[in-house]
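The structure under discussion appears below in the form of structure tokens.
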Amino acid sequence: MNKTILITGASTGIGAATARLLASGNTIVIHYHLSKEAAEGVASDVRSAGGVAHLVQADLSTEQGCRDTTDFVADTCGRLEVLVNNAGGLIRRCAADRLEWQLMLDIFSLNTFSTMMMSSLCIPLLEKGTDPCIVNLTSIAMRHGAPTATIYGASKGALDVFTRGLAKELAPRIRVNAVAPGVIETPFHDQVTTAERLEQFRSATPLARNGRAEDVAHGIAFLIENQFTTGETLDLNGGLFMR
Ligand SMILES: NC(=O)c1ccc[n+]([C@@H]2O[C@H](COP(=O)([O-])OP(=O)(O)OC[C@H]3O[C@@H](n4cnc5c(N)ncnc54)[C@H](OP(=O)(O)O)[C@@H]3O)[C@@H](O)[C@H]2O)c1
Numbered sequence: 239m240n241k242t243i244l245i246t247g248a249s250t251g252i253g254a255a256t257a258r259l260l261a262s263g264n265t266i267v268i269h270y271h272l273s274k275e276a277a278e279g280v281a282s283d284v285r286s287a288g289g290v291a292h293l294v295q296a297d298l299s300t301e302q303g304c305r306d307t308t309d310f311v312a313d314t315c316g317r318l319e320v321l322v323n324n325a326g327g328l329i330r331r332c333a334a335d336r337l338e339w340q341l342m343l344d345i346f347s348l349n350t351f352s353t354m355m356m357s358s359l360c361i362p363l364l365e366k367g368t369d370p371c372i373v374n375l376t377s378i379a380m381r382h383g384a385p386t387a388t389i390y391g392a393s394k395g396a397l398d399v400f401t402r403g404l405a406k407e408l409a410p411r412i413r414v415n416a417v418a419p420g421v422i423e424t425p426f427h428d429q430v431t432t433a434e435r436l437e438q439f440r441s442a443t444p445l446a447r448n449g450r451a452e453d454v455a456h457g458i459a460f461l462i463e464n465q466f467t468t469g470e471t472l473d474l475n476g477g478l479f480m481r
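In short: position in the sequence shown from 1, add 238, done, that's this note's numbering.
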């Protein structure tokens, strides 16, 4: 393929699985925030699979972190074929009658503003790439309502709308799509979902299991490869939510 691919939050979970899946023959820029050792492990796997790996560290919930990451890609690679806006998280659950202003800012900064800013800053690099595209990570939380994660769900719902607007604005030069994962067993859930709740999700899912990071990575790979898809959100949830 020989694509230059920036994956934010590629140290663990879905981002790491996507980096490994896309490694062969490509240059992968592995962005991480705190998990340096894990990111180095992903870089080593990418190189073993025949890819080129670069590592970049930044807090993408800040404008400066977004600018530093984009500058790194410009200096190191000079162009981009794919931007995967994957970094994100729920941060912490909060009851609807106890919402906190700072928590709302933190959740939107991490999930929504980072994706919007990274997309904007990367447009000039994507315009230099061949068949360029952006893939955003939304969530089942924006589809079926997620008690105590209402702000997180809203932050992803905003990205769903952003994805369609950007897709129209950047067509036909740059395709923009999203994946909406269901319940995927990654470090995402370590601090915010009990084992009992994960079991409840599993038993409520028609395909009788929670997702794996690789399930989502394959969906992202499909959206990168398919040249006639833009403005789409691909639900990957084992049937837990059907449209
Ligand atoms: N797992 C699920 O059930 C699920 C469902 C729907 C949507 N999603 C979405 O899928 C995406 C990936 O999640 P995951 O399940 O793979 O979770 P994960 O394993 O916890 O990965 C989250 C990634 O985001 C990075 N990150 C966190 N805070 C950051 C910050 N301030 N600045 C920059 N990067 C930051 C982390 O970096 P470090 O570890 O290096 O700090 C990590 O690489 C997220 O957008 C999440 O909202 C997940």
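The C-beta atom is built at its ideal place from N, Cα and C for all residues, glycine as well.
Assignment of Q465 by DSSP, reduced to helix, strand and coil, places it in the coil class. In terms of Cβ geometry, S249 and A276 form a close pair [threshold 8 angstroms].
For the pair of segments examined, the stretch 418-431 was found to touch the stretch 248-265: the number of CB pairs separated by less than 8 angstroms reaches three. T471 counts as buried, since no fewer than 16 other beta carbons sit within 10 angstroms of its beta carbon. By the Cβ rule, the stretch 362-381 counts as touching the stretch 307-320, because three or more pairs are nearer than 8 angstroms. If you draw a 10 Å sphere on the C-beta of T256, you find 16 or more other C-beta atoms in it, and that means buried.
Between ligand 1 and L478, a heavy atom-to-CB distance of less than 7 angstroms is absent.
Boundaries of the alpha helix (DSSP H) around T314: E301 to T314. Relative to ligand 1, the nearest heavy atom lies less than 7 angstroms away from the CB of G253. When the alpha-carbon of A418 is set against those of A296, L397, V430 and A405, the nearest one is in L397. For C360, the secondary structure class from DSSP, reduced to helix, strand or coil, is helix.
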